[in-house]
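Below is one structure, written out as structure tokens; the observations come after it.
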């Protein structure tokens, strides 16, 4: 039977608060948001893993061990909270948990976490330039979460709060391809 | 073939390069967290609208469109309209800020398209005159006018007893193999030269069946004014779900725009459109599949709670616009397939209650040779009467009730042979009138020919004739009238009603032909 919606909301709030307290104590709140995003990505990418972690026939210790071996090296508090979720068969809430945690972490850091994707690593001058450009938009200080992705070929992709600004070379080329392949001028009708 | 010159290439290239957009793209982005059965659960997209078109981008860069259906607290449930297998978990999803639209315009006439308006007939791309939203709120009372112009199906049984008006919604209902599609197709074929654009929407049918319908329409020259929207059984459920709405949207372009493609008005009249939805039972089944996979609660027969609204909002789009709005019309002929004649099932009762009448086809009548197998007792047209041609109304006004009482009497008369004269006369007349209503496929009749045939029957001029000779007599009579009494037929067509003089002349002409008619072949 599905759980009461309000109860689920309170459970998520509890997970978020516990992790926030733990990471604030160790000063790893920002790192925790990145690691949670990565965990979420891995769990979505591999349905077999997701199914295994939800498997009723596997006991709780086995599920926790699976998580421990896959996410070895992650922040222990992040791993612990997610393990508890797995023990309690609540990994289905991971998406809401990650989103809520990021929102709370931004509040705690008094900053907006912006994902920046580039082909080469950013230097400090570029970092400052991006921050200076974005701070007036959000009215808060900016924390950059950097990603390197050679497939974008050049330029930059910025993402925050579900919105994304794509100024990559790959996107410009794709747009050019769409325009050139879909527009028809002249010729036979 | 057009000659391609260097200057033409240069011009085309410049034009295309000018349209390149180098601006930075800023959009809302979500992530697919689960996918299966053509349904995707998407994380993010907080500003997504209900029914919004979503753009799924696969890791290989392929774009597949989807339709936002369930807006939940933390995620969006969407159905995919294209290649379901191209999209995987963690793929990106973008909102587009628009709802699903289909291209429309004169270039679509004669074409076979899918529910997104893309051509399926291999005749090249379609140059759209405009786009119409698939989901469109039907016009209100002020924009409409009562149904008053007829849609001639060319089928004597329907035009005489269950007349259909432009802007009406008339349901065609019956078991499988009773001739439902035939009525729709024959009606389309009969619209040649009648300023009607026809749209045939095939939902969940075999591709071979659709191909044969298209071939039939082509053979009879009906594709010139017809658009076929096809969502065959192999298409995903969401495509079958939007197919009738896409058909209506394509048709709406013509009624809300005049011949010149500009908005219709009193000075720029809209066109008349006939939409055959073949069939809505399969659309309901596709919608049920979608709803169940979206985890919406099942109701009666496992259909979702809003399946009534699905059909009512579609059929409400059938309209006869007022003259101020161009006077265009969209006539809907939805088809529903029943199981073993059960009209009390969920979907048939829903659609019966939504439409302005129904043509009920029965398998036993079909196998008795009564084709079209219309059961006149329970078939009805609630608004078509006011659109019927006056002369037809004069000769066939009581025909439906007379035939219904004949059927009742016929069943009763089987028990005894001692029948009074009046009853015998009624049985004689009924048998001949029933025979008169039989009609083959692709043998549509003009309304004046129908009037002449029914007049002959209703005046008792066929009563002394063997039943087996009635159809031959009808065919001969029509030929005779067109050959020898062309002026009388022309006057009947022009006047549109029967006065005493015309009646006398008609009776005389029929008697003349009857005198020369040989009963035995």
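Chains as they are written, first to last, in this note's numbering: chain G, 7 to 195; chain U, 6 to 526. Glycine is no exception: its CB is placed at the ideal position from the N, C-alpha and C atoms. Source: prediction; values computed, not measured.
Residue i versus the options, residue with shortest Cα-Cα distance
i, options, result
"residue 161 of chain G", "G:143, G:186, G:123, G:133", "G:123"
"residue 116 of chain U", "U:105, U:101, U:490, U:132", "U:132"
"residue 161 of chain U", "U:500, U:484, U:444", "U:444"
"residue 287 of chain U", "U:206, U:486, U:345, U:396", "U:206"
"residue 47 of chain G", "U:97, U:398, U:53, U:438", "U:97"
"residue 400 of chain U", "U:383, U:382, U:452, U:135", "U:452"
"residue 290 of chain U", "U:230, U:351, U:278", "U:351"
"residue 405 of chain U", "U:111, U:167, U:79", "U:167"
"residue 121 of chain U", "U:36, U:170, U:254, U:430", "U:254"
"residue 467 of chain U", "U:94, U:456, U:515, U:490", "U:515"
"residue 169 of chain U", "U:33, U:178, U:158", "U:158"
"residue 210 of chain U", "U:38, U:229, U:186", "U:186"
"residue 173 of chain U", "U:338, U:48, U:201, U:204", "U:338"
"residue 285 of chain U", "U:236, U:437, U:382, U:258", "U:236"
Identity of the residues DSSP links to residue i by a beta bridge
i, result
"residue 124 of chain G", "G:154"
"residue 235 of chain U", "U:207"
"residue 107 of chain U", "U:137"
"residue 325 of chain U", "U:334"
"residue 396 of chain U", "Residue 396 of chain U is not bridged to any residue."
"residue 31 of chain U", "G:171"
"residue 60 of chain U", "U:70, U:99"
"residue 386 of chain U", "U:362"
"residue 36 of chain U", "U:48, U:97"
"residue 41 of chain U", "U:44"
"residue 147 of chain G", "G:117"
"residue 76 of chain U", "U:81"
Straight-line gap, residue i to residue j (C-alpha atoms, nearest Å)
i, j, result
"residue 496 of chain U", "residue 417 of chain U", "42 Å"
"residue 435 of chain U", "residue 411 of chain U", "6 Å"
"residue 164 of chain G", "residue 182 of chain G", "21 Å"
"residue 407 of chain U", "residue 420 of chain U", "21 Å"
"residue 354 of chain U", "residue 183 of chain U", "19 Å"
"residue 349 of chain U", "residue 386 of chain U", "19 Å"
"residue 227 of chain U", "residue 69 of chain U", "34 Å"
"residue 132 of chain G", "residue 156 of chain G", "18 Å"
"residue 58 of chain U", "residue 72 of chain U", "5 Å"
"residue 84 of chain U", "residue 60 of chain U", "11 Å"
"residue 73 of chain G", "residue 92 of chain U", "26 Å"
"residue 428 of chain U", "residue 368 of chain U", "28 Å"
"residue 373 of chain U", "residue 446 of chain U", "16 Å"
"residue 292 of chain U", "residue 403 of chain U", "41 Å"
"residue 246 of chain U", "residue 158 of chain G", "37 Å"
"residue 192 of chain G", "residue 113 of chain U", "Residue placement at residue 192 of chain G is poorly supported in this model, since its pLDDT is 49, which falls under 50; the coordinates are not used for a value here."
Residues of its chain near residue i, where Cβ-Cβ distance is below 7 Å and the 5 sequence neighbours each way are ignored
i, result
"residue 69 of chain G", "59, 92, 93"
"residue 524 of chain U", "470, 471, 474"
"residue 25 of chain G", "38, 83, 84, 87, 107"
"residue 460 of chain U", "400, 511"
"residue 243 of chain U", "43, 72, 84, 85, 86, 295"
"residue 15 of chain G", "none"
Neighbourhood of residue i by C-beta, 8 Å cutoff - its chain only, sequence neighbours within 5 removed
i, result
"residue 263 of chain U", "269, 270, 273, 274, 275, 276, 331"
"residue 128 of chain G", "122, 136, 150, 152"
"residue 116 of chain G", "146, 147"
"residue 260 of chain U", "269, 275, 276, 277, 278, 324, 326, 331, 333, 334, 335"
6 Å CB neighbourhood of residue i in its chain, flanking five on each side removed
i, result
"residue 138 of chain U", "104, 106"
"residue 321 of chain U", "143"
"residue 194 of chain G", "Low confidence applies to residue 194 of chain G: its pLDDT is 42, below 50, so where it sits in the model is not reliable, and the reading given next is rough at best. The answer is none, since no qualifying residue turns up."
"residue 266 of chain U", "134"
"residue 67 of chain U", "91"
"residue 309 of chain U", "296, 301"
"residue 108 of chain U", "122, 133, 136"
Where the alpha helix (DSSP H) through residue i begins and ends
i, result
"residue 208 of chain G", "Within the shown structure, residues of chain G are numbered from 7 to 195, placing residue 208 of chain G beyond reach of any answer."
"residue 146 of chain U", "No alpha helix (DSSP H) contains residue 146 of chain U, which DSSP labels as neither H nor E."
"residue 93 of chain G", "82 to 93"
"residue 179 of chain U", "Counting along the chain, residue 179 of chain U falls outside any alpha helix (DSSP H), though it belongs to the beta strand (DSSP E) covering 176 to 179."
"residue 475 of chain U", "475 to 489"
"residue 71 of chain G", "66 to 76"
"residue 190 of chain U", "185 to 194"
"residue 128 of chain U", "Note, residue 128 of chain U: premise wrong, no alpha helix (DSSP H); not H, not E."
Residue interval of the beta strand (DSSP E) (run including residue i)
i, result
"residue 224 of chain G", "Any question about residue 224 of chain G goes unanswered here, given that chain G covers just 7 to 195."
"residue 348 of chain U", "Neither: residue 348 of chain U is in no beta strand (DSSP E) and is coded neither H nor E."
"residue 277 of chain U", "277 to 283"
"residue 80 of chain U", "80 to 85"
"residue 164 of chain G", "161 to 166"
Distance cut-off 8 Å: residue i Cβ against heavy atoms of the ligand NAP
i, result
"residue 273 of chain U", "No copy of the ligand NAP appears in this structure; indeed no ligand is present at all."
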